[in-house]
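Worksheet: the structure to be examined is printed underneath.
There are 2 protein chains.
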Amino acid sequence: FLNVFESIQQAAGELPINLIFVFEGEEERGSVSMPKFVRDYEQKLRRADGVYFPICSQDRNGLARPSLGSEGILYIELETNGALWGRGPTQFGVHGGLKRILDSPAWRHIKMLSTLVSDDGNRVEIEGWYDDVAVPSEEDLRLLKEGYRHSTPAVEVFDPEILKEMLKVKCFKGDLERPEEILREMLFSTSFNLDGIWGGWTGPGTKTLLPHKVMSKHNIRFVPKQDIDDLFRKIRAHLDGHGYEDVALRRLAGYPWALVDHKNPVAESLYDVFEEFGVRYTIYPPVANPVLTSPAWPAYVFAGEPLKLPIAGGALGHGGLAHSPNEYIVVEGCEAKYGYIHGLEGMEKSMASVLYHFAQR
Amino acid sequence: FLNVFESIQQAAGELPINLIFVFEGEEERGSVSMPKFVRDYEQKLRRADGVYFPICSQDRNGLARPSLGSEGILYIELETNGALWGRGPTQFGVHGGLKRILDSPAWRHIKMLSTLVSDDGNRVEIEGWYDDVAVPSEEDLRLLKEGYRHSTPAVEVFDPEILKEMLKVKCFKGDLERPEEILREMLFSTSFNLDGIWGGWTGPGTKTLLPHKVMSKHNIRFVPKQDIDDLFRKIRAHLDGHGYEDVALRRLAGYPWALVDHKNPVAESLYDVFEEFGVRYTIYPPVANPVLTSPAWPAYVFAGEPLKLPIAGGALGHGGLAHSPNEYIVVEGCEAKYGYIHGLEGMEKSMASVLYHFAQR
């Protein structure tokens, strides 16, 4: 991206627009300092007209997907412990034969967890959980089905069979089959996942043990207008209301959703570039989390209060396997299913082009 | 024990009774070959009048507790796996954000486990589970309260407060307080314990993961006349009846209870010896599992079909911390709360004495 400015300065003498740079090196930690950064520099950042996130966004078929907004995430840990409960073993696991005379924190954890979701595990049974859900709008659904400008509608390029093959799954929840239905759930539904659970004897063979505690981790996805603090409170209220006042609830991570208008000027500049370069693109509605390809980015810190700036991310080019040993980026372009995948050169050109298009708006 | 025979042979010339030795080195593996051994040598073993298990049985207060019979144990493992279910991820955990469109084997495991026990975790909710329970008898309860011969009744020496302190528990299930009630549950009730559970991300911090499987281990204690194969079938029938046909149920270990008459001649010979040496003793009813001090021994292979031999175990002396780094046995005798704890010499004498007393009966 910095090469782009050097080239523009050498060729044109000056940039088409003024820029404020925000560099951040904390993405892997959930960008925890960004909200404070925004508060501290609010007056300066307010002078911006929009936020552009330079990232190559073609997939391996050559289809470009601009990044617009993001869902909300809340990650919690639950612990049932005899010490907190005051019943059963409190400091260490005891002999399993003692179950005959002792209460079990482990069974209590199972019973507690069981109250959180419906029998099929797919509906959150916490009171008021769905109260504030405000997506999808009619426009969101129209965007998925019909697209916008020259974009390819998401329902046309989303192939459930490829996803099934990739994930090695045989069916989706509720036996959803139609791309439209699956996309709708994937992009706009809220979920309460059981990420991990452990307690007691987990080694090979047999060991008779009555554990004093069991822990579980849960990742919750939420959407506009659900509020992260409100959801956290509702979980606590649910536990208390079901007699689980003693169960520890810890908030490990999380951030709000970002609702971004897909017609905002930064996004429109991106579409301009895709069309200029003849690249097919698909627009997912705001709070979209396109399958496995969404970058985790703190869109909310710019799109939400207090700045409320239009924000979008994207450029030509393709990279993949982030965090894996063979992480890669395409250096020289190549043909693919939906058209040409641009290499580094095209990526840089497209970033420059975004700036010019935005300047014209 | 072998020293005893040498001494008797040197002093008296011959043993007071004929002996068949059964050595076994498999206790830690659950004595898995013993049933076959008994079948193979049934004709020879039938010639025995009783079975004596030489083991020092004084506790650290000096109180002797003869071993009479044992409870039944069944150890199982349950697994909910997307591959078996045909829903959700089937081969590996996938990104937790996919919970929005995928079913969760992890939640299914929680829901399945939740059907097995009552809300307080203390009653087994499997149909017909308690049908065959035939203990305690009136005689069992009388034995606990009143003892037999010169024994000290169990209710007099059982101190719930010491047990609470040892185990670091604040209360027993159902807030049982009276020694009689606690002993009754400990000795005669059946339990379905959750020994361990694991699945998904169990490391530090956060990882958003939708696991493809969750496993749990369970130790079940059962009593006369419950049948181990019948209980196993009832668990399977419960799972099937609740729509969990796909949940894998594996039997890892187990053996039947042994019902031994506390007035059998081997046991009476033991009481003779305790009285002869002036040692206080407490008799727990058959299928007793006195708190934390019961040896895991395959009493059932001799006490049950086809041999149905009277069986008892015990002698003077005290050892402890079996399997721990500081496992010990008392070599020289010492005074304790309920009387003299015999060392190795007294242990050997008492074993010899058991043989003579049995010979007289």
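Line by line, the protein sequences are chains B and V. Each step along the first sequence adds one to the number in the working numbering, with nothing skipped, and position 289 is 289. Each step along the second sequence adds one to the number in the working numbering, with nothing skipped, and position 70 is 70. For every residue, glycine included, the Cβ atom is placed at its ideal position computed from N, Cα and C. These figures come from a predicted structure and were not determined experimentally.
Legend entry - Thr293 of chain V at chain B interface by Cβ criterion, 8 Å: Only weak support is given to the placement of Thr293 of chain V: the predicted model assigns it a pLDDT of 46, under 50, and the value that follows is read from those uncertain coordinates. Not one chain B Cβ lies under 8 Å of Thr293 of chain V.
Inset, instruction - Look up Asn18 of chain V in the DSSP assignment and give the residues it is bridged to. - result: Paired residues: none, contrary to the question.
Inset, instruction - Alpha carbon to alpha carbon, how far is Thr190 of chain B from Leu259 of chain B? Give it in angstroms, no decimals. - result: 15 Å
Inset, instruction - Determine, using beta-carbon pairs with one atom in the region 91 to 103 of chain V and one in the region 348 to 355 of chain V, whether at least three such pairs fall under 8 Å. - result: no
Legend entry - Beta-bridge pairing of Cys362 of chain V - partner residues as DSSP gives them: The structure shown does not extend to residue 362 of chain V, since chain V is modelled only from 1 to 361, so the question has no answer here.
Legend entry - Interface flag, Ser114 of chain V vs chain B, CB-CB below 8 Å: yes
Legend entry - Proximal residues of chain B, C-beta to C-beta of Leu252 of chain V below 9 Å: Gly205 and Thr206
Legend entry - His357 of chain V in three-state terms, based on DSSP: helix
Inset, instruction - Could you check if His238 of chain V is buried or exposed, using at least 16 other CB atoms within 10 Å of its CB as the buried criterion? - result: buried
Inset, instruction - Identify whether Trp198 of chain V lies in helix, strand or coil by the three-state DSSP scheme. - result: strand
Legend entry - Rounded C-alpha distance that separates Ala64 of chain B from Gln226 of chain B: 29 Å
Inset, instruction - Measuring alpha carbon to alpha carbon, tell me which of V:Glu185, V:Pro298, V:Ala83 and V:Ile8 ends up nearest Phe53 of chain V. - result: V:Pro298
Legend entry - Residue-level contact to chain B via CB, Gly62 of chain V, 8 Å cutoff: no
Inset, instruction - Excluding the 5 residues preceding and the 5 following Gly88 of chain V in the sequence, name in chain order all residues of the same chain whose CB lies nearer than 6 Å to its CB. - result: Gly82, Leu102, Asp103, Ser104 and Pro105
Inset, instruction - Determine, using beta carbons only, whether His109 of chain V and Val223 of chain V come nearer to each other than 8 Å. - result: no
Legend entry - Cβ contact check for the region 298 to 318 of chain B and the region 29 to 43 of chain B: 3 or more pairs under 8 Å: yes
Inset, instruction - Tell whether a beta-carbon distance below 8 Å holds between Tyr271 of chain V and Ala154 of chain V. - result: no
Legend entry - Members of the region 94 to 109 of chain B that neighbour chain V once the beta carbon cut-off is set at 8 Å: Val94, His95, Gly96, Gly97, Leu98, Lys99, Arg100, Ile101, Leu102, Asp103, Ser104, Ala106, Trp107 and Arg108
Inset, instruction - Check the DSSP bridge columns for Met215 of chain B and list the partner residues they point to. - result: B:Glu79 and B:Trp198
Inset, instruction - Using alpha carbons as the reference points, say which of B:Phe192, B:Asp159, B:Asp49 and B:Cys334 lies closest to Val266 of chain B. - result: B:Asp49
Inset, instruction - Quick one: grab the DSSP three-state call for Thr293 of chain V. - result: Annotation note: pLDDT 46 at Thr293 of chain V (below 50); position unreliable, coordinate value reported separately. In the structure shown, Thr293 of chain V sits in coil (DSSP, three-state: anything other than H, G, I, E or B).
Inset, instruction - Measure the C-alpha to C-alpha separation of Leu116 of chain V and Leu74 of chain B and round it to an integer number of angstroms. - result: 31 Å
Inset, instruction - Note down, one range per segment and in chain order, each beta strand (DSSP E) of at least 3 residues found wholly within the region 42 to 100 of chain V. - result: 51 to 53 and 72 to 81
Inset, instruction - Look at the Cβ atom of Tyr328 of chain B, then the Cβ atom of Gly339 of chain B, and state whether they are nearer than 8 Å. - result: no
Inset, instruction - Can you have a look at Thr293 of chain B and say buried or exposed, based on whether 16 or more other CB atoms are within 10 angstroms of its CB? - result: Low per-residue confidence applies at Thr293 of chain B: pLDDT is 46, beneath 50, and the placement is therefore not dependable enough to give any value.
Legend entry - Proximal residues to Phe302 of chain V (C-beta, below 6 Å), its chain only, five neighbours per side dropped: Val51, Leu309 and Ile311
Legend entry - Whole alpha helix (DSSP H) elements within the region 248 to 305 of chain V, 4-residue minimum: 265 to 276 and 299 to 303
Inset, instruction - For the region 171 to 184 of chain V, enumerate the residues whose C-beta is nearer than 8 Å to any C-beta of chain B, in chain order. - result: Cys171, Phe172, Lys173, Leu176 and Ile182
Legend entry - CA nearest to the CA of Asp59 of chain B, picked from B:Tyr356, B:Gly343, B:Phe358 and B:His357: B:Gly343
Inset, instruction - Would you please verify whether the beta carbon of Ile197 of chain B is less than 8 Å from any beta carbon of chain V? - result: yes
Inset, instruction - Closer than 8 Å, Cβ to Cβ, to anything on chain V: give me those residues from the region 82 to 94 of chain B, in chain order. - result: Gly82, Gly86, Arg87, Gly88, Pro89, Thr90, Gln91, Phe92 and Val94
Legend entry - Test: Lys111 of chain B CB closer than 8 Å to a CB of chain V: yes
Inset, instruction - Just tell me which of V:Leu45, V:Ile235 and V:Leu98 has its CA closest to the CA of Glu305 of chain V. - result: V:Leu45
Inset, instruction - Tell me whether Tyr255 of chain B is buried or exposed, calling it buried when 16 or more other Cβ atoms sit within 10 Å of its Cβ. - result: buried
Legend entry - is_contact[Ser429 of chain B, chain V] using C-beta, thresh 8 Å: The structure shown does not extend to residue 429 of chain B, since chain B is modelled only from 1 through 361, so no value can be given for it.
Inset, instruction - Report the neighbours of Pro211 of chain B on chain V: residues whose CB is nearer than 9 Å to its CB, in chain order. - result: Leu194, Asp195, Gly196 and Ile197
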